[in-house]
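**Student:**
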C-alpha cells in the first residue's frame, strides 16, 4: 500500500500519517519527492487501514498494491479449481455446457428440453423457477413447483441442474432441488445472499454484475469463499455500456483476465451477453477460443412462446446441437475437452422446423 | 405498443402476428411501408404481450409507447406526493435535509452528530447500522445496536432517522427503530427486498442503482408501491461512467426528469454522488437549483477516523451548517421552503478546528 | 512518479529499472515491500519516461503523481484566467451567456435571434456555419455565407459571436469572422486542429469530448496553450453513458473539478447536455449554482423548423429571457455577476406564441 | 419512419404533422391509439424529415425504421466486399494479418520487424509515422521520414503497408507511401478527414470511435463511401466502459453485428482493445472464432524500449509467429483461409530471448 500526500503538506502532517501507520502495526517508508511525499507501507496491514488513511487530511490518494481478496486469488491458490459434481468436472481443461430455457414452464416443456440438451452433449440443465424481473407486472416464475419439475427432468435424463436463487431464505430449498445455485447479475452485491451461500456446500455460479469491475466481482466471490463454500464459478454475462443494439456488451477479455487473477472456473453466457439469437453462435465460439471453462446457453423448443420474453435470445434445439459439435472441434485447438454423442442427428430431425 | 416487422416478411407471418395480438384481447392496426410493416396495438394489453411478440419470428422490434410502471407515474397521479412523518413534510415545495455519518459508531458519536444536524437545521439523521461493503473483510456495521443508538439520538434531538436495510428479514426490526428505510444502490433490484418493503408502511428512500436507467428505477419503485406502501422517495446518488476522478457521476438531470415522469419526491445524494468533500457544497447547491426535494449529506465530527473510510466525502459540521444557510437562500429562488435556526453560529464554534 | 514491480521480480531486474531511471537524469528511491518493490522517482522526468518504464518487463504499473499538463494547471497559474473580448469578460466572477440557434440559416433568422439574445441580456451570439453531422446526408451547414451573416448580426446588435471550426484549414477564415472559435465534442482530440488553434490568438471554447476524462480534456487544452494561445475556455456539454433518455448526461461535477484543477473559465452547455428543451432551464440554474462561468444555450424563434433537427432542445425566446432573469438572481447568491436589461418584457411580447 | 405523438395532442396538431409529412412528398398513415396517435410514413423521405418532425410540438418521438446509411448497408450490397491490393484479398473468406510496431522509429527497426512479420505469415506491415497523443509533450511520431522508411521496408519484404492519417492535408502524401490509410479512433467523426478520404481510392481502415455506436460507425464509413471510395474496412478496437483494468473493452459482438449490417470487411485490434500483451493471444483467437476478416496486432522486437509506451501491449516476434500458426488452424474451423510459411521456426530462433 502506498500513501501519496497532497502538494506541500507539512512535516507535522506527514509525522501524523506515519504515526497512524505504525499504530496499525506495520512499517512506514517515507520517500520525499519534489512535489509530494510518498509513504510506502511494509507488512500486512488490516484491510481497513487503507480506508482510514484515505480520509486523513493531507492525503491525496492511497494505492493498494495487494489485492483486497485472498481466497479467490491465484496468488493464494496457484492451481485451477476443479469442481466435481456427480462425475462432471468444471474447471481446468474441462468444458462444461449448460443449456435450457430461461424459465421452467411445464413438466412437459422442461422434460423435452432436458432430453434435447442431453442428446446434444450438454451436461447441465438450466431453468429459472424464481425470475428477477424489472417490473412487478411481468411473469415472476412458477416458484418451488418449477424446482421440482427441473429436478425430475435432470434426474431422468442424467443432467445436473442449475437454477437462480434470489434471496437468503430460499437458499436451502433451492439447494435441495438443484445441483448448482446461480446468483444473478442484479444480486452480485446482495451481500446477505452471498453470506448465506457461504454456509452451504452447493456449488455456486456467480454472475458478474452488469456494471461490476473485475475487482468487485472477485470480492463478491470472496464473500462466498470466506464463508466456507469453496465451490464458486465466475460467469461473464455482459456489461452495460453505451451500445444498446445488443442487450449487453459481452466482455470476453474478462475470461483470460479472471483466469489470471483467480483460480476459479470462468463460464460465459452469450445469451444474456448479447440478447440476440443470431449472435449466440459466434460469441459461444469466441468464448471458447478465449479460454472459457464453460458456457451457459438459453435453448427453447418454442422460443416464440417462451413465458419471459427471452425467447429472442434462445437457440432452437438444432442450432444448439450443431453449435456443440463445432465447439467440440474448437475446444481441441485450445486445450479444452468436451465430447458430443456420436449420433444425435436423427433424433433432432424429429422436431426441426 | 408498436410491432415493426423485419424486411420483406411474408403475409402469412403478418397474419400470425395479428392473430397473436387479437388473441390477447386487443386490436391490431396494420400499416404497410415500402420496406417494413408496422402494426399498431390499440387497447390495454397485458405487460407480457410485448415480450411475447418480441420473440416471434419476423418481428424486428416492439416499441412500448405506454410506460411499464403505473403507480409511480405522474400520468396516474398528477399531484406531487407529499410524505408527512411526525410533522416533517417531504415532497412538493418542502426541502428536506438528511445529515449524519456513514456509519453509527458509538452512542457518543451519533449523539453529538445528531445535536449538530439539528442545530444546523437538518430534519433527518442518517446513519448506517448494516453496511454493504465491496469486500468481506471491511467493517460491516455494528448492527442492531447501531439502530438503537440512532433511534435514541434522533428521539433526544427531535430528528427523524433513516437507515439502510439490506435484506427482507431485517425490514421489520429496522422499521421498529427507524423512521425511514433506505434501499442502497446495490439493492435497487433486490426484488424480494422491494416486495417485503411493499408490505410495511414505513417510508422508503430508494436509491438509484449505479447503472439503472430511469425506467428501471421507476419500475423498482413500482414494486414497493404495488405491494401497498405508497411512501417512496427516489434518490439520485450518482451513476457509474468512464470518469473515475469522482466516485460516481452525479446525474442531476435525473431530478427534473424523475419529477416529470413521477409524482414521488426526489432526493439528491451529493456525498456518494461525488465521493469528494470539496464537491459536496457545489453539488448540493446545484441539486437544489435543479429542483431537488431534499438532500442526504454525510457529515462527521472526525472524518479522519470514520470507520468506513467514507470520511473523505463527509463534511465537517461547520461546513454542513454554512451550506444549509446558503441552501435556505437558494431554495427561496426556486420555490423550495427550508428554514435554518436563527443562531447556530456560537454553538458550532465550540468544535470548529 | 512511482514504479510498482510485479510480484517477486529479481534483483537484476530492479537494478535494470533503476538504471533506466537514472539514465533519464532523475533519481530512484527503492522501497522493498513484502510482495512487491516500489521505486519512487525524484526530480523532473521527461513525460516519455513513464511510457518507457511501463513497458519494461517486471513492471506492474507506473503511477504518475504529477499532472501531465502544465499550462492548463492551477498549480502553474493560481489565479483565474479572465479572457476579455471587446469589453466582455469571461472567467472569474463574471457570468457570460451565449445564445443562438444551432445553425445559421438566413440573414433574417440570425438577425432576429441576435436582437432577442441582446434584449434578454446575452453577450455572445452562437450559431453554426459548418455543422458536424453523424451522417453524410444530413444538413451540413451553409458555410462561409453563414459566417458572414452571423458577423453582421453580431456587429449590428452589439454581441460577440462564436462559431464551430472543424478542420485546420478553416481556422483562419473563421477567425476573421467570429470572436470565439468553438471546438466541437467530436474534435476534442483532433490534434492537428488543436495545434493550429495554438497559432492564433482568437479565443477558443473547447468542448469536452463526450467520452473524455478530465485529464484528457485538460491535455487537449494544453495543446492549444502550448502552441501559444492562452485564451481557452473549457465547456462541459454532457458525456455518453448508458442512460439514453437524455441525449447526454450533463456532468455538473465537472464544473468545480475543472475549476480546482485549472484556472481556465468553465462554461456549461445544458442544451446538448440534455437534448430536451424542458431540461434546459433546471440544468442552467444547476450549472450556475455549481459555479459555472457561463452558459451556452440554444435558442430559436421557430424551433419546429430548425434546419438541423436540434429545435427539440432549443428554448423559445421568452423562455430564454425569463431564464436569464432568474440566473441574474441566482448568480448573486453564488458570487457571479450578470445583468439583464431593465425592460425587455414588452419587446418580447411581440413574438410570444 | 414512425411519428409518435404526445398524450392527448389536439386534432389540429395531428393535421399539422400530417401536412408537414405530405409536404415532404411522402404519405402519412394515421393510427389512433387509446393514449397516443401513431403516424406511419410511407415512401422514401429525405433524411432531414425525421429531424424536422422530431422538433415539432406535440411530437414525443420519431422512430427511424430504415437505416440512415445506404452504401455501407448489406441491404444495398448483399455480397461481401472483397478489397484486393497487390494480390492480397481482404474480406469474405480471407483472413488478413497486419502486424508491426506502434510507431516507426528507425530504418533498422522497421526493416527487422517487416522481415519478422513476413516470416510469420503476415501480409501487411503496420507502423505509425504521425501519432495521435493525449498530451502535447509526448512523442508525436517522426512524420514523413517514417512513411518513407516503412514504404521501403514493405517493398523489400513483400508486405503491404498501413499507416494512420490524422488530417485532410496529409491524405495525399500518406497515400503516396502507404497501401492502406488508417483513421484512428479519435478521428472517426473527423468529418473533413472522412470527406477527403472519399476523394481518393486508397483503401481505408476506419477504426471505431471508442464511444461510437454501430450506427455512428457505419455512418462514418458512409461518408467515405459516399465520397466515391468503396474500399473501406471497419476495425473494432475496443470501447470505453467503466472497466479500467483493460485499456478498453474489446467488443467482439461488433464483429458479427457489423457483418450482418454491412458488407464491409471487419478487422479486430486486440492490442489496443486490451492494452495488455498477455491478453492479445486469447483475444486474437476469439476474434477469429467470432468471424473477423482480419487482425491488426502490435509486434515489436524491443517492447521495453518502444518510443510510444505502447510496448506494454506489443507481442514479441516469437509470440506473434506462434499465434499466427494457431490462427491458421482456427481459421479452418470457421471458414477463414490463411496460410503461414512452412518453416519460420529456425529464423525466429535467432532473436528469441
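Residue numbers (full-length UniProt numbering), protein chains in the order written: chain A, 1 to 353; chain B, 1 to 353; chain C, 1 to 353; chain D, 1 to 353.
Just so you know, even glycine gets a beta-carbon here, dropped at the ideal spot from N, CA and C.
Please read all numbers here as calculations on a predicted model, not as lab measurements.
Between the stretch 222 to 247 of chain A and chain C, which residues of the former have CB atoms less than 7 Å from a CB of the latter, in chain order?
**Tutor:** Cβ contacts with chain C come from 240, 241, 242, 244.
**Student:** So residue 368 of chain A is in the alpha helix (DSSP H); what residue range does that whole segment cover?
**Tutor:** Residue 368 of chain A lies beyond the range of chain A shown here (1 to 353); nothing can be said about it.
**Student:** I'd like the span of the beta strand (DSSP E) that includes residue 29 of chain D, first residue to last.
**Tutor:** Where residue 29 of chain D is concerned, the enclosing beta strand (DSSP E) stretches over 27 to 32.
**Student:** Label residue 241 of chain A either buried or exposed according to how many other C-beta atoms from any shown protein chain fall within 10 Å of its C-beta, with 16 as the threshold for buried.
**Tutor:** Burial call: buried.
**Student:** In the DSSP assignment, the alpha helix (DSSP H) including residue 164 of chain C goes from what residue to what residue?
**Tutor:** Where residue 164 of chain C is concerned, there is no enclosing alpha helix (DSSP H), although the beta strand (DSSP E) it sits in stretches over 160 to 164.
**Student:** Nearest to residue 237 of chain C by CA position, among C/260, C/284, C/191, C/78, is which residue?
**Tutor:** Nearest of C/260, C/284, C/191, C/78 to residue 237 of chain C, Cα basis: C/284.
**Student:** Report yes or no: is there a C-beta of chain D within less than 9 Å of the C-beta of residue 353 of chain B?
**Tutor:** Any reading at residue 353 of chain B needs caution, since the residue's pLDDT is 40, under 50, leaving its predicted position unreliable; the model's value is listed next. Taking Cβ atoms only, chain D never reaches closer than 9 Å to residue 353 of chain B, which makes this a no.
**Student:** Under 9 Å Cβ-Cβ, which residues of chain B neighbour residue 278 of chain A?
**Tutor:** Within 9 Å Cβ-Cβ: nothing; residue 278 of chain A doesn't reach chain B, min ~12 Å.
**Student:** Rounded to the nearest angstrom, what separates residue 309 of chain C and residue 44 of chain D at their Cα positions?
**Tutor:** Distance between the alpha carbons of residue 309 of chain C and residue 44 of chain D is about 18 Å.
**Student:** Could you say if the stretch 71 to 80 of chain A and the stretch 250 to 265 of chain A meet the contact criterion of at least three C-beta pairs nearer than 8 Å?
**Tutor:** Contact holds: three or more Cβ-Cβ distances are below 8 Å.
**Student:** From residue 234 of chain D to residue 151 of chain C, what does the alpha carbon distance come to, in whole angstroms?
**Tutor:** Their backbone Cα atoms lie some 41 Å apart in a straight line.
**Student:** What in chain B is Cβ-close to residue 98 of chain A, meaning under 9 Å?
**Tutor:** Neighbours of residue 98 of chain A on chain B: none; closest Cβ ~21 Å, over 9 Å.
**Student:** If you count every other CB in all the chains shown that lies within 10 Å of the CB of residue 306 of chain C, and 16 or more means buried, which is it?
**Tutor:** Per the 10 Å Cβ criterion, buried.
**Student:** Three-state secondary structure (DSSP) at residue 353 of chain A?
**Tutor:** Because residue 353 of chain A sits at a pLDDT of 40, beneath the cut-off of 50, its placement in the model cannot be relied upon, and the following sentence gives the value as read from the coordinates. Residue state, collapsed to three classes: coil.
**Student:** Give the residues of chain A in contact with residue 31 of chain C, contact being defined as C-beta atoms less than 8 Å apart.
**Tutor:** Within chain A, the residues near residue 31 of chain C are 29, 31, 40, 42.
**Student:** Between the beta-carbon of residue 178 of chain B and the beta-carbon of residue 199 of chain B, is there less than 9 Å?
**Tutor:** No, the Cβ-Cβ distance between residue 178 of chain B and residue 199 of chain B is not below 9 Å.
**Student:** Would residue 324 of chain C pass as a contact of residue 122 of chain C if the rule is Cβ separation under 9 Å?
**Tutor:** It is a contact, given that the beta carbons lie within the stated cut-off.
**Student:** May I ask you to verify whether the stretch 59 to 68 of chain B touches the stretch 4 to 20 of chain B, counting CB pairs closer than 8 Å and requiring at least 3?
**Tutor:** Flag = yes, the stretch 59 to 68 of chain B and the stretch 4 to 20 of chain B touch.
**Student:** How many whole angstroms separate the CB atoms of residue 119 of chain D and residue 303 of chain D, which I take to be in contact at a CB cut-off of 8 Å?
**Tutor:** Incorrect: roughly 18 Å between the Cβ atoms, too far for contact.
**Student:** Tell me, please, whether the CB atom of residue 76 of chain B is closer than 9 Å to any CB atom in chain A?
**Tutor:** Not one chain A Cβ lies under 9 Å of residue 76 of chain B.
**Student:** Checking contacts by CB at 9 Å: is residue 216 of chain D closer than that to chain C?
**Tutor:** Yes - at least one Cβ of chain C is within 9 Å of the one on residue 216 of chain D.
**Student:** At 8 Å on the CB atoms, spell out the chain A contacts of residue 283 of chain D, in chain order.
**Tutor:** Here the neighbours are 252, 253, 256, 290.
**Student:** Can a CB atom of chain D be found closer than 9 Å to the CB of residue 68 of chain B?
**Tutor:** Residue 68 of chain B does not count as touching chain D.
**Student:** If the cut-off is 9 Å on Cβ atoms, which residues from the stretch 302 to 330 of chain C count as contacting chain D, listed in chain order?
**Tutor:** Those would be 303, 304, 305, 306, 307, 308, 309, 310, 311, 312, 313, 314, in chain order.
**Student:** Below 7 Å between beta carbons is the criterion; list the residues of the stretch 197 to 217 of chain A that meet it against any residue of chain D, in chain order.
**Tutor:** If the cut-off is 7 Å between Cβ atoms, the stretch 197 to 217 of chain A has 211, 213, 214 near chain D.
**Student:** Given that residue 54 of chain A touches chain B, what residues does it touch there, using C-beta distances under 7 Å?
**Tutor:** Per Cβ cutoff of 7 Å: 309, 312.
**Student:** Would you say residue 7 of chain C lies against chain D (beta-carbon separation less than 9 Å)?
**Tutor:** So no, residue 7 of chain C is outside the interface.
**Student:** How big is the Cα-Cα spacing for residue 144 of chain B and residue 180 of chain B?
**Tutor:** Spanning the two alpha carbons is a distance of roughly 16 Å.
**Student:** Excluding the 5 residues flanking residue 96 of chain A on each side, which residues of the same chain have their C-beta closer than 6 Å to its C-beta?
**Tutor:** Excluding sequence neighbours, residue 96 of chain A sits near 90, 123, 294.
**Student:** Please check if any C-beta of chain D sits within less than 9 Å of the C-beta of residue 2 of chain B.
**Tutor:** Yes, residue 2 of chain B lies at the interface with chain D (some Cβ there is under 9 Å from its Cβ).
**Student:** Please report how far the alpha carbon of residue 1 of chain B lies from the alpha carbon of residue 246 of chain A, in whole angstroms.
**Tutor:** Looking at the two C-alpha atoms, the distance is approximately 21 Å.
**Student:** On the criterion of 16 or more Cβ atoms from any shown chain inside 10 Å, does residue 25 of chain B qualify as buried, or is it exposed?
**Tutor:** Exposed is the call here.
**Student:** Mind listing, in chain order, the continuous beta strand (DSSP E) runs of no fewer than 3 residues lying wholly within the stretch 143 to 220 of chain D?
**Tutor:** Listed in chain order, they are 160 to 164, 180 to 183, 204 to 207.
**Student:** Any beta carbon of chain B sitting closer than 9 Å to that of residue 164 of chain A?
**Tutor:** Not an interface residue.
**Student:** Check for me: the alpha helix (DSSP H) holding residue 54 of chain A runs from which residue to which?
**Tutor:** From DSSP, the alpha helix (DSSP H) with residue 54 of chain A extends over 47 to 54.
**Student:** Take residue 277 of chain C as the anchor and find which of C/83, C/239, C/317, C/79 has the nearest alpha-carbon.
**Tutor:** For residue 277 of chain C, the nearest C-alpha among the options comes from C/317.
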